Each structure stands twice: as C-alpha cells, then as structure tokens.
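S.K.: Can you read through this structure? Questions will come right after.
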Amino acid sequence: ILLGTFLTPILYYSTNKGLQLLEAQGNKKDLSPSKQQAVSLEEAFQEVFESASPSVVSIATERVVKFKSHPFMGDPFFEHFFGGGRPQEFSQKQSGLGSGIILNQEGYILTNEHVIRDMDKLTVKLKNKKMFEAKLVGADKTMDLALLKIKGSSDLVPITLGDSSKVKVGHWAIAIGAPLGFEQSFTVGIVSAVGRGGIDSSGVSYIQTDAAINQGNSGGPLLNIHGEVIGINRMIASQSGGSVGIGFAIPINEAKRVVEELKAHGKVKRAWLGIGLDSISEEEAKELGLKSTKGAIVKQIIERSPAAKAGMQLMDVIVKIGDKEVESPEDIINTIRNSKIGQRFEIRVFRDSSLVKMMVTTEEKPN
Numbered sequence: 005i006l007l008g009t010f011l012t013p014i015l016y017y018s019t020n021k022g023l024q025l026l027e028a029q030g031n032k033k034d035l036s037p038s039k040q041q042a043v044s045l046e047e048a049f050q051e052v053f054e055s056a057s058p059s060v061v062s063i064a065t066e067r068v069v070k071f072k073s074h075p076f077m078g079d080p081f082f083e084h085f086f087g088g089g090r091p092q093e094f095s096q097k098q099s100g101l102g103s104g105i106i107l108n109q110e111g112y113i114l115t116n117e118h119v120i121r122d123m124d125k126l127t128v129k130l131k132n133k134k135m136f137e138a139k140l141v142g143a144d145k146t147m148d149l150a151l152l153k154i155k156g157s158s159d160l161v162p163i164t165l166g167d168s169s170k171v172k173v174g175h176w177a178i179a180i181g182a183p184l185g186f187e188q189s190f191t192v193g194i195v196s197a198v199g200r201g202g203i204d205s206s207g208v209s210y211i212q213t214d215a216a217i218n219q220g221n222s223g224g225p226l227l228n229i230h231g232e233v234i235g236i237n238r239m240i241a242s243q244s245g246g247s248v249g250i251g252f253a254i255p256i257n258e259a260k261r262v263v264e265e266l267k268a269h270g271k272v273k274r275a276w277l278g279i280g281l282d283s284i285s286e287e288e289a290k291e292l293g294l295k296s297t298k299g300a301i302v303k304q305i306i307e308r309s310p311a312a313k314a315g316m317q318l319m320d321v322i323v324k325i326g327d328k329e330v331e332s333p334e335d336i337i338n339t340i341r342n343s344k345i346g347q348r349f350e351i352r353v354f355r356d357s358s359l360v361k362m363m364v365t366t367e368e369k370p371n
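Quick note, our numbering runs 4 ahead of the 1-based positions in the sequence shown.
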C-alpha cells in the first residue's frame with residue numbers, strides 16, 4: 005500500500021508526459037508536406053532573429069538648436085518700419101533614433117552618417133537594455149556611413165558579415181532595427197533588385213528590397229537567411245514617407261572598405277576628377293551628332309580640378325576611360341571611385357564631331 009501510494013503519482017506523471025510527447029509528435033507527422041516546409045521556414049526565421057538581434061543596437065541622438073523669437077527680429081529694415089527690441093534667443097532640444105550593428109567586442113558600431121549628423125550626444129542601447137555613451141570615430145557623407153565607438157564589453161555580440169557580391173534577386177532579405185522607435189523589430193522580404201545605381205551621386209549600386217523599412221531602420225542590417233549582413237539599410241523610396249516596399253541598402257562589401265578607412269583616418273580619401281556628368285538624351289545625341297546615347301556628357305567642371313587642368317570642356321561626351329567603354333555616367337563614377345589618388349587615365353571625348361584624347365590625373369577629393 006505504501007509503495008503504491010508513492011509510485012502511483014510518479015507513474016501517472018511519467019505516463020501522461022509520454023502521452024503528450026507522442027501526441028505532439030503525432031500532430032507534427034499529421035502536417036502536410038507543404039505545412040512542414042512552412043514550419044521549417046518559421047524556425048529558420050526564428051534562428052536568424054535569435055542569432056542576429058543581440059548584435060543590433062538602437063542609437064538615440066540629441067542636439068540643442070538655438071533660434072530667435074521672430075525671424076525678422078534684429079533686421080534693420082523690419083525694425084525701421086515696425087519697431088521692436090532686441091531679439092530673444094531660445095534653445096530647443098531635438099532627438100532622433102536610428103539603428104546600428106556591433107562589429108566587434110572592442111565596441112565599434114556601424115550606422116548611417118545621417119543618423120548622427122550634427123548631433124551632440126549619442127547613446128547606444130543594446131538588446132539587453134544596457135546603454136553606452138558613444139563617440140564618433142569617423143563619418144563619410146558620400147557613402148552615408150559612420151563609425152562609432154563605445155566601451156568594449158563581453159556583453160557585445162559581434163554580428164556576422166556576409167558577401168554582398170553573392171546576393172541575387174529572389175534571395176531572402178531580413179531587416180532588424182527600430183522603425184518608428186519600435187526597437188528590435190523584425191521584417192522579412194526578398195531582394196527585389198541588385199546593382200541599383202543612379203539613385204544619388206554616391207556611385208553606390210544598392211541592394212533593393214521589399215522588406216518593410218521605415219524611419220529608425222537606418223543604419224540597421226539587411227540579412228540573408230543565414231543571418232549574415234548583406235547590406236546596411238539606408239533609405240526608402242516613398243511618396244507618403246512610409247514604407248511602400250522599396251528600400252535600399254548599402255552592400256556590405258562597400259561598407260567594409262569604408263570602415264577600414266574610417267578606423268585609420270576618420271574619413272575616406274577618394275580620387276576625384278571634378279566634373280558633373282549626365283546621361284545623354286535622344287535630343288542631345290542628335291544635336292551633337294552622336295550615333296547613340298552611350299557615354300556621359302560633361303555638364304559641370306570645377307575650377308582648378310583635374311578635369312579642368314586636362315583641358316576638358318563643357319558638353320564634352322566621354323566615351324572611354326582607360327580601357328573601359330563608357331555606357332553611362334555610372335561607369336565613370338565607379339572607375340574613379342575604385343581608383344587611387346594620383347592615378348593617370350587616358351580619356352576619350354567626343355567634341356565638335358571629332359574624337360579628342362587627353363590624360364587626366366586624379367587628385368584627392370576636397371571636403
């Protein structure tokens with residue numbers, strides 16, 4: 005009787021637990037093949053979040069802006085007709101929020117330059133709620149990247165960087181960040197385009213995604229299904245200001261090079277020609293006697309720039325730089341961006357119905 009009294013609850017618990025386990029396994033086996041694949045995909049997304057989210061930080065920014073009580077106060081013309089005393093000056097605190105990624109346990113954080121631009125105070129918040137004051141190591145406005153430094157700690161979990169050259173249309177694209185202030189938000193989509201250039205003057209060929217990206221996602225990672233960073237989320241295309249499924253990320257291979265420059269110099273030293281380029285329209289091609297719209301037309305030349313020193317003129321059509329035939333302005337931008345300061349190029353331009361050759365030596369781009 006005594007043995008029965010002690011063993012019955014144990015046997016019942018063990019048997020009941022075993023039945024629950026068998027029931028759970030039976031339910032999983034009852035799933036159709038398509039549902040089993042869906043569950044496996046859910047688990048893959050959860051794995052990505054669990055592995056990558058501790059490496060994603062929120063960056064709170066603050067600055068103090070001073071302004072006058074009235075925009076015309078202190079203006080002699082206004083005071084002559086309307087009178088008035090000395091303008092009063094007020095101060096107002098402005099704040100912002102962005103995202104970033106932990107590069108290593110030394111405390112280096114990568115984010116967008118526009119997140120921290122002109123800010124007085126930078127505070128980095130980890131997933132575990134720990135907060136650190138950050139200092140700016142260096143920033144590059146052209147690529148819109150900034151490198152921050154916080155105190156090194158064993159709590160810092162470095163993120164895994166991938167290879168953006170292997171990204172293809174249709175690959176999974178996963179974003180983690182603080183959109184609209186909602187920290188550690190996880191959104192999923194696909195890569196909808198690669199090599200998307202011509203969006204701005206940076207020369208970057210962006211990764212385009214339909215994963216939901218909003219304000220606050222800036223500086224956060226775009227990940228592949230393996231949880232590796234393939235890009236740094238930078239901006240969206242939107243008429244309303246909200247996500248409409250067109251987001252752009254800086255390829256991580258491009259960002260890696262910038263990080264090394266920022267670590268070493270605090271800025272990025274770039275080669276420069278000092279010209280403004282544009283695509284050739286059908287009308288311009290006819291006016292200039294061109295057979296096609298291939299090439300890049302010179303619309304601006306900065307004084308004392310390498311291009312000016314080489315004798316380049318407005319409305320020159322660049323058709324070849326070095327060994328590369330020029331299809332569009334992006335070809336020249338990418339060639340110069342990947343070149344070294346002091347490198348010489350033979351450039352061929354179409355001018356006044358004839359082909360002109362010239363030698364141009366790149367110089368360091370001024371700030």
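In this text, a Cβ means the ideal position worked out from N, Cα and C, and glycines have one as well.
Remember, predicted model here, so these are calculated numbers, not experimental data.
Could you check if D204 is buried or exposed, using at least 16 other CB atoms within 10 Å of its CB as the buried criterion?
M.R.: exposed
S.K.: Excluding sequence positions up to five away, which residues of its chain have a Cβ less than 6 Å from the Cβ of R274?
M.R.: K369
S.K.: Please work out which residues of its chain come closer than 8 Å, Cβ to Cβ, to S206, disregarding the five sequence neighbours upstream and downstream, and give them in chain order.
M.R.: T146, M147, D148
S.K.: Starting from the C-beta of A259, find all residues in its chain whose C-beta is less than 7 Å away, skip the five residues before and the five after it, and write them out in chain order.
M.R.: L114, L149, I236
S.K.: Are at least three pairs of beta-carbons, each pair with one atom in the stretch 34 to 54 and one in the stretch 115 to 122, less than 8 Å apart?
M.R.: no
S.K.: Can you give the beta carbon distance from V128 to I63, rounded, assuming they're within the 8 Å contact cut?
M.R.: 6 Å
S.K.: Grab the span of the alpha helix (DSSP H) containing V173 for me, first residue to last.
M.R.: For V173, no alpha helix (DSSP H) encloses it, and the DSSP letter there is neither H nor E.
S.K.: Distance check for A177 and V353, CA to CA, integer angstroms please.
M.R.: 41 Å
S.K.: Beta-carbon within less than 8 Å of D214's beta-carbon, same chain only, minus the 5 sequence neighbours each way: which residues are those?
M.R.: Apart from the 5 residues on each side of it in sequence, D214 sits with its Cβ closer than 8 Å to the Cβ of A177, G193, I194, S196, G249, I250, G251 in its chain, given in chain order.
S.K.: Of the residues K271, E232, P225, which one's Cα is nearest the Cα of I254?
M.R.: P225
S.K.: Which word fits L25, buried or exposed, when buried means at least 16 other C-beta atoms lie within 10 angstroms of its C-beta?
M.R.: Unreliable positioning characterises L25 in this predicted model, as indicated by a pLDDT of 44, which lies under 50. A coordinate reading is not provided.
S.K.: Do the stretch 309 to 317 and the stretch 283 to 294 touch if we need at least three Cβ pairs shorter than 8 Å?
M.R.: no
S.K.: Can you tell me the Cα-Cα spacing of E27 and V263, whole angstroms?
M.R.: For E27, the predicted model reports a pLDDT of 49, less than 50, meaning its position is unreliable and no value from the coordinates is stated.
S.K.: Between the alpha carbons of M239 and A182, how many angstroms are there, rounded?
M.R.: 14 Å
S.K.: Less than 7 Å between C-beta atoms, sequence neighbours within five positions excluded: which residues of the same chain meet that for D335?
M.R.: Answer for D335: K328, listed in chain order.
S.K.: Pick out the complete alpha helix (DSSP H) segments inside the stretch 280 to 311, 4 residues or longer, and give them in chain order.
M.R.: 286 to 291
S.K.: Select from N221, D144, K153, Q98 the residue whose C-alpha is nearest the C-alpha of L107.
M.R.: K153
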